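S.K.: Let me begin by handing over the structure; questions about it come next.
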Amino acid sequence: MDARADLTRSDFPFYNRQPIPISALQWLLILSALCTAFALLIMPWPSSDSIAGRWVHPLLFCLVPLGAMTLISGRAVAALFHRLRVRDGLWMIAIAALNLAVTVLVALAFSGQHRASSNPLFAQLGGADLSTRILAFGMMAPQLLGEELLTVLPLLALLQWFTARVRMRRSHAVLCAWLLSALPFALAHLPTYQWDLLQCLVIIGTARLVLSLAYLTTRNLWVSTGAHLLNDWALFGFALSYPVASMLGGLT
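Start counting the sequence shown at 30; every next residue gets the next number (my numbering).
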């Protein structure tokens, strides 16, 4: 990686008009594409019973917002992803492990005060054959990339708004953007957890804040996606190996 790429990676993109400026109207296009992608993810499709049909939902979830960014500039997409290095892999593992520890503690504390709903995917995979499980684990990759976009793109839009319009100091803007960008991710899980707002805000929101540290630290969407993927694979893999799905159901 050349010096210019390292310099670009050392700071967040767009808020300081680097590597390209993104206008308010362009951000509206990007965020509208995100909303459209999420709607496409959750809506029932006639072809969703086939293997190819099941791949359509998660692929559109990540490709629609990336396509919107490409319409603005290919450099906008390139600013989100960087070549992976060894330390990036270590960050993935560290953030995934930290998130598992934090969310288990939060979930255990939460379940003592509030009845938590379980992720139905645990039950679905519990009775599935090996090929179905492998397919489900593979489909997590594009879906989790979409979930990272659902968090990181609002974070970057908020960072730009806080610094350019509200005139916040960069450090304060990053903190506020980090906290607020967890909301779309938490609220997107409402259908999964029987519209339990408190569970989504407390457990899912906390998990999102921890996972976002991967992007805040590396400025690389590959790293945050990798950490998220390791986290979910670990949760589902452990739940399928041991009869603890009811305990882990509210963690992802």
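Just so you know, even glycine gets a beta-carbon here, dropped at the ideal spot from N, CA and C. The structure presented is a predicted model; accordingly, all values stated were derived computationally and were not measured.
Give me the Cα-Cα distance between residue 117 and residue 248, rounded to the nearest whole angstrom.
M.R.: 10 Å
S.K.: Tell me which same chain residues have a C-beta within less than 8 Å of the C-beta of residue 283, skipping the five on either side of it?
M.R.: The question about residue 283 has no answer, for the chain in this structure spans 30 to 281.
S.K.: Beta carbon of residue 289, beta carbon of residue 138: below 8 Å?
M.R.: Nothing can be reported for residue 289, as the shown portion of the chain is limited to 30 through 281.
S.K.: Would you be able to state if there are at least three C-beta pairs under 8 Å between the stretch 202–211 and the stretch 45–65?
M.R.: no
S.K.: Taking 7 Å as the cut-off, does the CB of residue 191 come closer than this to any heavy atom belonging to the ligand GDP?
M.R.: Inclusion of the ligand GDP in the displayed structure is not the case, the ligand content being empty and no account of it being possible.
S.K.: Which value, in whole angstroms, describes the spacing of the CA atoms of residue 246 and residue 121?
M.R.: 11 Å
S.K.: On the criterion of 16 or more Cβ atoms from any shown chain inside 10 Å, does residue 195 qualify as buried, or is it exposed?
M.R.: exposed
S.K.: Evaluate residue 72 with the Cβ neighbour count: other Cβ atoms within 10 Å of its Cβ, from every protein chain shown; 16 or more gives buried, anything less gives exposed.
M.R.: Exposed, by the Cβ-count rule.
S.K.: So, at 7 Å on beta carbons, what are the nonlocal neighbours of residue 242 in its own chain, with the 5 sequence-adjacent residues on each side left out?
M.R.: Only residues of its own chain outside the window of five on either side were considered, and among them 124 have a CB closer than 7 Å to the CB of residue 242, listed in chain order.
S.K.: Is residue 74 helix, strand or coil by DSSP?
M.R.: coil
S.K.: Could you compute how far the alpha carbon of residue 234 sits from the alpha carbon of residue 103?
M.R.: 31 Å
S.K.: Given a threshold of 16 other Cβ atoms within 10 Å of its Cβ, counted over all protein chains shown, does residue 54 qualify as buried or as exposed?
M.R.: exposed
S.K.: When you compare each of 270, 200, 90 to residue 63 by their alpha carbons, which one comes out closest?
M.R.: For the residues 270, 200, 90, the minimum Cα distance to residue 63 belongs to 90.
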